[in-house]
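Protein chains: 2
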Amino acid sequence: MITVLSGGIGAARLIRALSGVIDPTQITAVVNVGDDLVLHGLTICPDLDTITYTLAGLNNDELGWGLRDETWRVMDELDELGGAAWFRLGDRDLATHLYRSQRLSEGATKTEVTAELATRLSVNVRLLPVTNDPMATEFVTDRGRLTFQEYFVRYHHDVVVTSIEVVGASTARLSDEARRALHDASRIVIAPSNPLISIDPILQVPGVREILHERRENVVAVSPLVQGTALKGPADRLLRELGHEASSLGVVDFYEGLVGTWIIDEADAALAEKIRGRGVHVEVTTTIMAEPDNAERLAKAVLA
Amino acid sequence: MITVLSGGIGAARLIRALSGVIDPTQITAVVNVGDDLVLHGLTICPDLDTITYTLAGLNNDELGWGLRDETWRVMDELDELGGAAWFRLGDRDLATHLYRSQRLSEGATKTEVTAELATRLSVNVRLLPVTNDPMATEFVTDRGRLTFQEYFVRYHHDVVVTSIEVVGASTARLSDEARRALHDASRIVIAPSNPLISIDPILQVPGVREILHERRENVVAVSPLVQGTALKGPADRLLRELGHEASSLGVVDFYEGLVGTWIIDEADAALAEKIRGRGVHVEVTTTIMAEPDNAERLAKAVLA
Numbered sequence: 068m069i070t071v072l073s074g075g076i077g078a079a080r081l082i083r084a085l086s087g088v089i090d091p092t093q094i095t096a097v098v099n100v101g102d103d104l105v106l107h108g109l110t111i112c113p114d115l116d117t118i119t120y121t122l123a124g125l126n127n128d129e130l131g132w133g134l135r136d137e138t139w140r141v142m143d144e145l146d147e148l149g150g151a152a153w154f155r156l157g158d159r160d161l162a163t164h165l166y167r168s169q170r171l172s173e174g175a176t177k178t179e180v181t182a183e184l185a186t187r188l189s190v191n192v193r194l195l196p197v198t199n200d201p202m203a204t205e206f207v208t209d210r211g212r213l214t215f216q217e218y219f220v221r222y223h224h225d226v227v228v229t230s231i232e233v234v235g236a237s238t239a240r241l242s243d244e245a246r247r248a249l250h251d252a253s254r255i256v257i258a259p260s261n262p263l264i265s266i267d268p269i270l271q272v273p274g275v276r277e278i279l280h281e282r283r284e285n286v287v288a289v290s291p292l293v294q295g296t297a298l299k300g301p302a303d304r305l306l307r308e309l310g311h312e313a314s315s316l317g318v319v320d321f322y323e324g325l326v327g328t329w330i331i332d333e334a335d336a337a338l339a340e341k342i343r344g345r346g347v348h349v350e351v352t353t354t355i356m357a358e359p360d361n362a363e364r365l366a367k368a369v370l371a
Numbered sequence: 068m069i070t071v072l073s074g075g076i077g078a079a080r081l082i083r084a085l086s087g088v089i090d091p092t093q094i095t096a097v098v099n100v101g102d103d104l105v106l107h108g109l110t111i112c113p114d115l116d117t118i119t120y121t122l123a124g125l126n127n128d129e130l131g132w133g134l135r136d137e138t139w140r141v142m143d144e145l146d147e148l149g150g151a152a153w154f155r156l157g158d159r160d161l162a163t164h165l166y167r168s169q170r171l172s173e174g175a176t177k178t179e180v181t182a183e184l185a186t187r188l189s190v191n192v193r194l195l196p197v198t199n200d201p202m203a204t205e206f207v208t209d210r211g212r213l214t215f216q217e218y219f220v221r222y223h224h225d226v227v228v229t230s231i232e233v234v235g236a237s238t239a240r241l242s243d244e245a246r247r248a249l250h251d252a253s254r255i256v257i258a259p260s261n262p263l264i265s266i267d268p269i270l271q272v273p274g275v276r277e278i279l280h281e282r283r284e285n286v287v288a289v290s291p292l293v294q295g296t297a298l299k300g301p302a303d304r305l306l307r308e309l310g311h312e313a314s315s316l317g318v319v320d321f322y323e324g325l326v327g328t329w330i331i332d333e334a335d336a337a338l339a340e341k342i343r344g345r346g347v348h349v350e351v352t353t354t355i356m357a358e359p360d361n362a363e364r365l366a367k368a369v370l371a
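Chains as they are written, first to last, in our numbering: chain A, 68 to 371; chain B, 68 to 371.
So, in structure tokens, the structure goes:
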């Protein structure tokens with residue numbers, strides 16, 4: 068049984084790779100919900116959906132998000148009505164949000180709805196929102212305070228960030244299922260997701276840091292940076308803007324006290340000794356999962 | 068200035084006919100919201116939408132509801148996910164509900180959102196929900212207590228109704244705009260909508276009955292029944308089940324004290340004397356609006 072702390076696409080790819088190496092039913096993902104939003108009355112969970120769609124083989128590789136074979140009739144009409152169409156929701160994707168919003172309104176928890184959607188889409192990995200409570204990652208920027216999706220989608224993270232706040236995190240309750248998954252896993256994996264906006268919101272839920280700290284010898288983290296650069300998204304820029312070093316070493320320090328073993332990319336091999344100096348194990352392999360062979364190698368390193 | 072108490076399709080057709088005879092900007096519709104619902108997180112206003120779509124020339128005549136050139140991608144996907152797809156929402160139609168739900172969540176009133184949608188769709192008649200407060204028409208039936216759309220759509224009104232309750236009506240606040248439209252109109256028209264489930268919820272909003280009673284010499288009602296039969300929907304059956312006579316006379320008695328002039332169909336001419344006996348004026352004309360000529364004749368009778 069392994070448990071993966073997960074953001075969106077980076078985590079989805081790692082979990083997909085892990086599923087190729089071990090029985091998917093032995094994998095649990097504890098997923099960030101800090102970028103969840105309510106828009107048009109719909110509860111949208113981008114990270115959970117990205118993982119679900121990717122593991123179902125339904126992800127849209129062209130866009131890098133959403134579902135394949137997507138159409139945009141609703142958004143096109145909404146745009147004509149003068150509605151807020153900047154957050155693109157495809158017709159197929161909307162069905163997920165309608166389903167979730169209805170079930171939540173009937174009293175189901177986010178954990179239950181996530182499981183229902185996974186079952187419907189034949190996903191065998193267990194997906195758990197870290198909490199059933201609302202949490203919202205917000206950004207103080209040169210354009211004012213922004214919600215996650217304003218920051219990420221509307222402004223394409225092209226703003227100067229001075230601080231990040233995860234509203235609701237300090238009072239959010241770690242779900243029983245997520246708590247058990249963290250306690251019972253033989254190994255906890257921190258996916259190569261954005262440390263500041265994908266993983267940190269999970270760590271801010273009371274209890275998570277404590278469990279990781281206690282179990283750090285069983286915690287393996289994959290660095291999301293290669294030669295100081297994020298493969299996707301604003302992790303490097305954010306680390307710099309918020310006073311961290313934009314390198315695997317900076318990420319190691321960011322997770323100080325929570326990780327026993329680090330996996331870094333071959334291109335960062337020169338950092339291995341310095342990272343070992345922080346008192347952790349270091350494995351050097353490919354962390355770029357574009358090629359299936361590399362993804363499998365990384366998965367095996369994570370499980371080794 | 069005339070003001071029309073309105074349900075859905077029957078009212079929409081009358082208003083469309085009236086718009087052909089007088090300047091549409093001189094017409095206000097005060098519309099039932101008792102069949103509004105929140106489904107999948109979306110606030111849906113079937114009567115307001117039917118009128119808006121019909122006046123915009125976008126109504127789907129084939130279905131008798133919704134928008135023309137409609138597609139069903141979201142519903143098909145929702146059905147595959149096992150979601151509640153019995154209440155069919157087309158892709159174009161969904162854009163309306165997304166727009167409304169988002170604007171309501173931003174603090175706009177239903178009155179404001181209705182005006183915005185009408186403007187976007189170039190509707191010149193003024194459409195006013197009778198209240199901005201929530202109201203829900205519910206049915207006590209042989210299948211238990213049903214919401215409006217469960218009764219109407221899910222069970223196709225093929226159930227035995229023992230009573231109807233408009234939850235929230237007694238505390239709903241007649242909107243200022245609707246109150247003024249009723250006060251200021253030179254004529255108030257009661258559309259040939261279902262008396263029990265389209266018009267009565269409007270009448271139950273405190274203040275409406277009083278205004279109509281005071282102004283009854285200026286109130287014209289069009290009977291929704293022809294030879295005891297509703298052209299569409301369950302008005303006749305409901306009247307019978309709830310102890311009223313299923314005829315134009317039954318409807319006249321249902322609206323007792325609120326109407327000065329009745330318009331009934333030629334086929335019911337034999338009832339005219341009996342209705343006059345109730346102390347009201349009676350005009351006999353065609354009330355069936357299928358032919359444009361007939362619709363115009365009816366509109367002229369209403370305005371005469």
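Quick reminder that beta carbons are idealized off the backbone N, C-alpha and C, glycines included.
- By DSSP's assignment, residue 329 of chain A forms a beta bridge with A:288, A:349.
- Across the segment 117–146 of chain B, CB contacts with chain A closer than 7 angstroms involve 138, 140, 141, 144, 145, in sequence order along the chain.
- Under the three-state reduction of DSSP, residue 254 of chain A is assigned to strand.
- Look at residue 213 of chain A here: in three-state DSSP terms it is strand.
- Residue 232 of chain B has B:205 as its beta-bridge partners, per DSSP.
- With contacts defined as CB atoms closer than 9 angstroms, residue 141 of chain A and residue 162 of chain B qualify as a contacting pair.
- Nearest CB-CB separation between residue 151 of chain A and chain B: below the 9 angstroms threshold.
- Counting C-beta atoms within 10 angstroms of its own C-beta, residue 348 of chain A has fewer than 16 neighbours from the protein chains shown and is therefore classed as exposed.
- The beta-carbon of residue 189 of chain B is placed no less than 9 angstroms from the nearest beta-carbon of chain A.
- About 23 angstroms separates the beta carbons of residue 314 of chain A and residue 271 of chain A, which is beyond the 8 angstroms limit, so they are not a contact pair.
- By the criterion of a C-beta distance shorter than 6 angstroms, residue 99 of chain A is surrounded in its chain by 74, 114, 265, 268, 269, once the five residues flanking it on both sides are discounted.
- In the three-state reduction of the DSSP assignment, residue 111 of chain B falls in the strand class, which pools E and B.
- DSSP links residue 193 of chain B through a beta bridge to B:95.
- If you draw a straight line from the Cα of residue 325 of chain B to the Cα of residue 357 of chain B, it is about 28 angstroms long.
- Cβ contact annotation for residue 79 of chain A (same chain, cutoff 6 angstroms, sequence separation greater than five): 117, 118, 121, in chain order.
- Apart from sequence neighbours up to five positions away, the residues of its chain that approach residue 283 of chain A with a beta-carbon distance below 8 angstroms are 324, 325, 326, 327, ordered along the chain.
- Interface annotation for the segment 158–170 of chain A against chain B: 158, 159, 160, 161, 162, 163, 164, 165, 166, 167, 168, 169, 170, criterion Cβ-Cβ distance under 9 angstroms.
- Assigned with DSSP and collapsed to three states, residue 71 of chain B falls in strand.
- Taking 9 angstroms as the cut-off, the Cβ atoms of residue 353 of chain B and residue 370 of chain B do not count as close.
- Residues of the segment 93–111 of chain A with a C-beta atom less than 9 angstroms from some C-beta of chain B are 105, 106, 107, 108, 109, 110, listed in chain order.
- For the C-beta of residue 148 of chain B, the chain A residues within less than 9 angstroms are, from N- to C-terminus, 162, 163, 165, 166, 183, 184, 187, 188.
- Looking at the backbone, the Cα of residue 242 of chain A and that of residue 133 of chain A are separated by about 26 angstroms.
- Here residue 82 of chain A really is in contact with residue 71 of chain A; their C-beta atoms are around 6 angstroms apart, less than 8 angstroms.
- According to DSSP, residue pairing for residue 296 of chain A in a beta bridge involves A:293.
- Scanning B:329, B:259, B:281 for the CA closest to the CA of residue 296 of chain B turns up B:259.
- In chain order, 105, 106, 107, 108 make up the part of chain B whose C-beta sits under 9 angstroms from the C-beta of residue 172 of chain A.
- Residue nearest to residue 306 of chain A within the set A:278, A:285, A:261 is A:261 (criterion: CA-CA distance).
- One Cα belongs to residue 166 of chain A, the other to residue 143 of chain B, and the distance between them is close to 12 angstroms.
- Secondary structure note for residue 104 of chain B: its beta strand (DSSP E) is the uninterrupted segment 104–106.
- Residue range 158–172 is occupied by the alpha helix (DSSP H) that includes residue 164 of chain A.
- By the neighbour-count definition (other C-beta atoms within 10 Å, threshold 16), residue 107 of chain B is a buried residue.
- Residue burial annotation: residue 320 of chain A is exposed, with fewer than 16 other C-beta atoms found within 10 angstroms of its C-beta.
- Contact between the segment 181–200 of chain B and the segment 210–217 of chain B is absent, with fewer than three C-beta pairs closer than 8 angstroms.
- Excluding sequence positions up to five before and after residue 343 of chain B, its CB lies within less than 6 angstroms of the CB of 349, all in the same chain and listed in chain order.
- Counting of Cβ neighbours within 10 angstroms places residue 230 of chain A among the exposed residues, the total staying below 16.
- Of the residues assessed, residue 273 of chain B falls on the exposed side of the cut-off, its CB having fewer than 16 other CB atoms within 10 angstroms.
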